[in-house]
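A short worksheet on the structure shown next.
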Amino acid sequence: MNLRQLRYFVAVCEAQHFRRAAEKLNVSQPPLSQQIKELEIELGVQLLTRSNRIVEMTPEGTLFLRRAKAILESVEEAGREMMNFTATGGGIKIGYMSAAMASSLVPILSALREANNGAITFKLHQLDPQTQLRSVARGELDIGFASFSARQAPISFDDKLLVIERAWQETLKVALPRNHPLASKTVISLGQLQNEKLIVMARHPLPGFFDQVISLCYNAGVTVNIVYEASQLPEVMTLVAAGYGISLVPERSSALWDRQLALIPLSQSPTTDVSVMYRADNTSPVLRRFRDLLKNIYGSGLAGNHQPV
């Protein structure tokens, strides 16, 4: 079986006629018919029923047509990817924790597309931090974004060195169920959270956000009861909205939840890091351009200070 046979078969099915298919392919009819016959022999099934007026697919032919089209589309996509790689250095695969966090990537992706006349390809994957770390180490992602603190030196993960550096900062807000007594406040102090049930991002795989939240409460003399450690921000927000407790969350990364729960500013206006991770040995030119744009756009630190382009 070869690609030519698949193309001939698809053309005959679409034209429902050997002569018209041959004309479309700019080949003579006998070789076209021979290729289809050889394909049927190799598969061990009859794909087409033939008559002088029309060609129809057998049930086996209908099934195989879907497969043949999928194979040809995959081959065409591979060709486009190779052309894109030659022109731009390839695409980029990006991980992120939440839909709201992904919104902060819009100005970077837009600038990257404009700088390369739309030739860059993107693949976005919503994943928890643990999965992002593993995927970056394995080369399944080029770069990932998660709410944990930057590191001064690369860390080892699955025997690969990963760089973890600050992407931007976000102001922390208090996430509360809509029926919480504090939900109507315009601003809350940490002291008002005494003895609240706290839902927080897990300390594993990396500390940072967890430690920061606990440190903020401790320094304010606030005793909290941790009732749940979640692996993803949407999980935190869902539990808060359902009334299981409260949480301290990044403002921009949680913004899409403002209808399901209350997001109240803290009087202390604490901030938290959103960090970016990538393999130290990743030399992709697209990754390098992406990181440069990230620094240019969010160099001021706070994601909320930038208006997406």
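Residue numbers (this note's numbering): 2 to 310.
For each residue, glycine too, the CB sits at the ideal point set by N, CA and C.
Keep in mind that this is a model prediction, so the values were computed, not measured.
In the three-state scheme derived from DSSP, where H, G and I count as helix and E and B as strand, ARG167 is classed as strand. The beta carbon of ARG114 is closer than 7 Å to those of ILE121 in its chain, skipping five residues each way along the sequence. When the alpha-carbon of VAL277 is set against those of GLN127, GLN261, GLY96, LEU191, the nearest one is in GLY96. DSSP, reduced to helix, strand and coil, places GLY145 within a strand of the structure shown.
The beta carbons of ILE265 and ILE200 sit about 15 Å from each other, so the pair does not count as a contact at 8 Å.
Spanning the alpha carbons of ILE144 and LEU48 requires a straight line of approximately 46 Å. For LEU264, the enclosing beta strand (DSSP E) has its first and last residue at 263 to 266. Look at the region 23 to 81 and you find these whole runs of alpha helix (DSSP H), each 4 residues long or longer: 30 to 44. Distance from GLN133 to LEU125 at the Cβ level is roughly 12 Å; contact not present, criterion being Cβ atoms closer than 8 Å. With fewer than 16 other Cβ atoms from the protein chains shown falling within 10 Å of its own Cβ, VAL76 counts as exposed.
Note on geometry: alpha-carbon atoms of ILE55 and GLY80 lie some 34 Å from one another. Contact between ALA147 and LEU163 fails: their C-beta atoms lie close to 11 Å from each other, not under 8 Å. DSSP, reduced to helix, strand and coil, places ALA176 within a strand of the structure shown. With 16 or more neighbouring CB atoms inside 10 Å of its own CB, ASP274 falls in the buried class. For LYS198, the enclosing beta strand (DSSP E) starts and ends at 198 to 202.
Taking the Cα of ALA281 as reference, the smallest distance to any Cα among ALA100, GLY140, THR187, ASP212 is reached at GLY140.
The residues ILE93, ASP143, ILE144, TYR279, in chain order, have a CB closer than 7 Å to that of LEU288 in the same chain once the five nearest residues on each side in sequence are set aside.
In the three-state scheme derived from DSSP, where H, G and I count as helix and E and B as strand, GLU252 is classed as coil.
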